[in-house]
Amino acid sequence: MTPVPFSCYPGKGRNKGRAMRVLGIDPGLRNLGWGVIDVQGARLAHVANGICHSAPTEGEGDLARRLCSLHEQLTEVLRRFGPDTAAVEHTFVNKDAVATLKLGQARGIALLVPAQFGLTVGEYAPNAVKKTVVGVGHAAKVQVDHMVRLHLPGVQLAGPDAADALAIAICHAHHRQSGSRLEAALRRAAG
Numbered sequence: 018m019t020p021v022p023f024s025c026y027p028g029k030g031r032n033k034g035r036a037m038r039v040l041g042i043d044p045g046l047r048n049l050g051w052g053v054i055d056v057q058g059a060r061l062a063h064v065a066n067g068i069c070h071s072a073p074t075e076g077e078g079d080l081a082r083r084l085c086s087l088h089e090q091l092t093e094v095l096r097r098f099g100p101d102t103a104a105v106e107h108t109f110v111n112k113d114a115v116a117t118l119k120l121g122q123a124r125g126i127a128l129l130v131p132a133q134f135g136l137t138v139g140e141y142a143p144n145a146v147k148k149t150v151v152g153v154g155h156a157a158k159v160q161v162d163h164m165v166r167l168h169l170p171g172v173q174l175a176g177p178d179a180a181d182a183l184a185i186a187i188c189h190a191h192h193r194q195s196g197s198r199l200e201a202a203l204r205r206a207a208g
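Its first residue numbered 18, the sequence shown is counted upward by one per residue in this note's numbering.
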């Protein structure tokens with residue numbers, strides 16, 4: 018597969034004066050959730066969400082084929098929806114080192130594909146996402162799902178991984194807006 022040349026990334030400069038399009042990615046080797054929202058001021062609008070699936074196969078190169086499948090599917094999401102920015106959740110470390118390593122490799126795909134499109138990629142700890150969206154850093158998945166539905170009325174979720182991805186997009190939008198307001202205040206204060 019040929020990498021996407023930087024000259025053809027759709028997100029750069031697409032939305033001057035219009036809504037910012039944000040892609041959230043919840044990395045996973047079997048199920049990689051994604052969600053796209055448009056943000057204009059304090060308004061959030063659902064664009065799309067889904068899950069990239071990579072089914073295990075038998076034989077040599079299984080992991081490589083699964084990662085390639087995720088890369089192809091996520092590349093198509095970016096081509097189709099043209100986000101302006103992206104965010105990915107940090108990997109949590111669990112007791113199974115092999116599983117953590119494989120999840121980290123899937124996370125690498127989640128970081129690589131938006132970078133190939135020339136996007137900046139925010140990274141957030143799971144607790145930061147939950148605190149931003151739910152108000153509690155140790156919220157349950159059902160609470161995240163509920164709050165995503167409140168933020169994006171009428172949304173039809175493709176599954177829990179897609180709900181998490183939309184929560185990551187909402188978190189990123191919130192942090193980008195806060196950062197922009199802080200920069201503007203500092204410029205005004207500097208004269």
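Note that CB positions come from ideal geometry on N, CA and C, so glycine has one too.
Source: prediction; values computed, not measured.
Check	Outcome
Indicate, with yes or no, if the ligand ADP has a heavy atom lying under 6 Å from the CB of Ala127.	For the ligand ADP, the structure offers nothing, since it holds no ligand at all.
Looking at the structure shown, is Gln173 part of a helix, part of a strand, or coil, going by DSSP?	coil
I'd like to check one pair, Gly50 with Ala186: are the Cβ atoms closer than 7 Å?	no
My assumption, with CB atoms under 8 Å, is that Leu128 sits in contact with Val138. Please give the rounded CB distance.	6 Å
Work out the CA separation of Gly171 and Ala103 for me, nearest whole Å.	23 Å
Is the separation between the beta-carbon of Val53 and that of Thr92 shorter than 7 Å?	no
Looking at C-alpha atoms only, which residue of Val159, His107, Ala62 is the closest neighbour of Ala142?	His107
Distance, Cα to Cα, Ala156 vs Cys188?	14 Å
DSSP on Arg35, reduced to helix/strand/coil?	coil
Going straight from the alpha carbon of Lys158 to that of Pro177, what length do you get?	8 Å
Using only the alpha-carbon positions, how far apart do Thr117 and Leu46 sit?	10 Å
Can you grab the Cα-Cα spacing for the pair Thr19 / His88, in whole Å?	For Thr19, the predicted structure reports a pLDDT of 39, less than 50, and the residue's modelled location is therefore unreliable. The matter cannot be settled from this model.
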